[in-house]
Each structure stands twice: as C-alpha cells, then as structure tokens.
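Notes for the one structure printed next.
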Amino acid sequence: MLLVRLIPLFICLCLLAVRISLASPEPAQPLRDALQEAGFQLAETNLHAWTELNTEFLTEEELLPAVKQVANRLGFTAGQYRITQENTPQRHVVKAETDDGEKQFVIMAELIRLPASVLSRGAWRGYLVINLTEKENSSHIKEYNKKAAAILQDFGSGPRINTCLVGYLDGKLVRDEWQGRIERAFAAVHATIDPVMFDENVVSCTGYTKAIDDYVTTNGRQINLNIAMRYSETENRTYMVIGSPIITREY
Numbered sequence: 001m002l003l004v005r006l007i008p009l010f011i012c013l014c015l016l017a018v019r020i021s022l023a024s025p026e027p028a029q030p031l032r033d034a035l036q037e038a039g040f041q042l043a044e045t046n047l048h049a050w051t052e053l054n055t056e057f058l059t060e061e062e063l064l065p066a067v068k069q070v071a072n073r074l075g076f077t078a079g080q081y082r083i084t085q086e087n088t089p090q091r092h093v094v095k096a097e098t099d100d101g102e103k104q105f106v107i108m109a110e111l112i113r114l115p116a117s118v119l120s121r122g123a124w125r126g127y128l129v130i131n132l133t134e135k136e137n138s139s140h141i142k143e144y145n146k147k148a149a150a151i152l153q154d155f156g157s158g159p160r161i162n163t164c165l166v167g168y169l170d171g172k173l174v175r176d177e178w179q180g181r182i183e184r185a186f187a188a189v190h191a192t193i194d195p196v197m198f199d200e201n202v203v204s205c206t207g208y209t210k211a212i213d214d215y216v217t218t219n220g221r222q223i224n225l226n227i228a229m230r231y232s233e234t235e236n237r238t239y240m241v242i243g244s245p246i247i248t249r250e251y
C-alpha cells in the first residue's frame, strides 16, 4: 500500500505561495469521476485541511487544549484518541491520532520558529491541521470537509483544504498507457492538461477544471487538478493519485 504522511506546513506554504482560494464545496465527486474513467479502483481518500494560527496570542501551552477542542468538535471523546507531543528549540507540536480501521484522523497544532534566512527570523508561525484518511470509499469526506472548514475558520485566517484520492490497478502499464489513462481522467472532468512529466516509474501532471471551485495560481496559471501515477514492483500494481487543488501526500 502507498505510504501516507503529512507534508510539513512550511512546504505547503511554499507550494501555495502565489495564491490559494479559500475552501469551497468538496471536490471528491469530480475526482471520483476522473479516477473511474481512468480505470482505477478506489483504495482510499484523503482530506488535508489546515489554517494559520495567530501566534501573537498563541502560546506553547495552548496547543494541547486547541487539539482537544478540535477532537471534541469532530465527535471524539478523550478515550478515542492518543496524544503525542514534541518540543524542540525550533518546533512545538501536539498531535491527536485515532484509527478505527476504516477512518484515520490526525489533528495537529504546531508552532515553528522561522529560519534565520527569513526576514522575520526568530518569529513563530502557528498552524492547525486536520487530516482524514478513509479506506476504500469516500462516504464521509463531504461531511468532514464541512466540519473541518467550520472548525478551522474559528481558529485561524481561513481554511485551506486539499482532497486526494488513491486508486490502483493490477500490473504495470507501458508509457503510452500511462499517458492515455491520464488523458481520460482529465477529459472526464473537462479539464485542461499541462505537459505530462515522466520519470522512470512515476508520471505527473496538472490542469484546471471548472467542475471544481477551488484553485491555486502559479506562474499565472490556475491549477486545481493534480494527477500522479507510479508503479510498485513489490505489489505489481500501478497507483494513481488525484488531488485538488494539488496533491498533498506522498505517492
């Protein structure tokens, strides 16, 4: 199975530095349509939502209460999740995790000290993250998309939400088949497609579709559809990851 992890928020900010629109209605259905048209079976759905916190008033001691409050608003009691904490001179993190076998939640609040190369070096940046991974179906994504948006709106400067679907098919595809399936996925949602980037066992590309409201702008182009494919020799499977506005997980 594909390895999943949260992309550090500082990297996300770099990726989305030019512009990102605020959270809009969840794009899971167009992504499902694209995945199905490309001939892949849905394996999991990932919701990655975050906001920047006001560090002028936020302290290290307030991270834990914030995480517990978010967990409570998502419907979890204290016994349903485990808390971990990390404290270094450069980073303070509190994380709550829960996994019922079908849905995995990660709620994280963190303070990061800006590096010396940044103009406001020594200052702290704060982030609140809600990450949901749902196996084999995406029946709860729309519900938790709305919940996450409402929660993050109360905590920060406005929610940023990315949705990713992972699909698979057995066996390895030749290069022309990779290209053809990606083109079918983009066509399913009437999306423009940028040049496809090929590597040895990985292919990726971006584009834009009016079927999804949210988007980012980079180099003057609007992007809200990001597709990557890779082949796993150990599993003899080809995976497709579809993200909107961009992919925010490993593939």
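Numbering-wise, the UniProt record's numbering puts 7 at position 7 of the sequence shown, and it's gapless, one number per residue. Each residue gets a CB set at the ideal place from its N, CA and C atoms; glycine is no exception. Computed from a predicted structure; not experimentally measured.
- For R237, the CB contacts under 8 angstroms within the same chain, skipping 5 residues up- and downstream, are Y168, L169, D170, G171 and Y231 in chain order.
- In this model, K68 and M229 are separated by some 36 angstroms (Cα to Cα).
- Between E110 and R82 the beta-carbon gap is near 17 angstroms, outside 8 angstroms, which marks them as no contact.
- With a cut-off of 8 angstroms on Cβ pairs, the region 131–150 is in contact with the region 42–53, counting three or more such pairs.
- Going by DSSP, Q41 is part of no alpha helix (DSSP H) but of the beta strand (DSSP E) stretching over Q41 to L53.
- With contact defined as three or more Cβ pairs closer than 8 angstroms, the region 183–192 and the region 27–39 are in contact.
- In the structure shown, A116 adopts coil according to DSSP, grouped into three states.
- One alpha carbon belongs to P89, the other to R221, and they sit about 38 angstroms apart.
- Scanning I223, P115 and N201 for the CA closest to the CA of K210 turns up I223.
- In this structure N219 is not in contact with I246, their Cβ atoms being roughly 14 angstroms apart against a cut-off of 8 angstroms.
- Under the rule that a run must span 3 or more residues, the beta strand (DSSP E) segments found entirely inside the region 58–101 read 82–87 and 91–99.
- In the DSSP assignment, Y251 falls outside any alpha helix (DSSP H), carrying neither H nor E.
- Per DSSP, D154 lies in no beta strand (DSSP E); the unbroken alpha helix (DSSP H) holding it starts and ends at I141 to F155.
- Annotated three-state conformation of E37 is helix, per DSSP.
- The Cβ-Cβ distance between D199 and G207 does not fall below 8 angstroms.
- When Cβ pairs closer than 8 angstroms are counted between the two stretches, the region 171–182 is seen not to touch the region 47–62, the count staying below three.
- Rounded to whole angstroms, the separation of the alpha carbons of L31 and A150 is 23 angstroms.
- Taking V174 as reference, the option from V203, F76, R160 and V241 with the minimal CA-CA separation is V203.
- Between V196 and A78, the alpha-carbon positions lie close to 46 angstroms from each other.
- With a beta-carbon spacing of about 15 angstroms, I130 and V93 fall beyond the 8 angstroms limit used to define contacts.
- Contact annotation: L165 and I242 have beta-carbon atoms nearer than 8 angstroms.
- Secondary-structure assignment with DSSP links W178 through no beta bridge to anything.
- Where D170 is concerned, the enclosing beta strand (DSSP E) starts and stops at R160 to D170.
- DSSP lists G207 as the beta-bridge partner residues of L225.
- Short of 6 angstroms from the beta carbon of A96, and not among the five residues preceding or following it, lie these beta carbons of its own chain, in chain order: V67, A71, Y81, I83 and I107.
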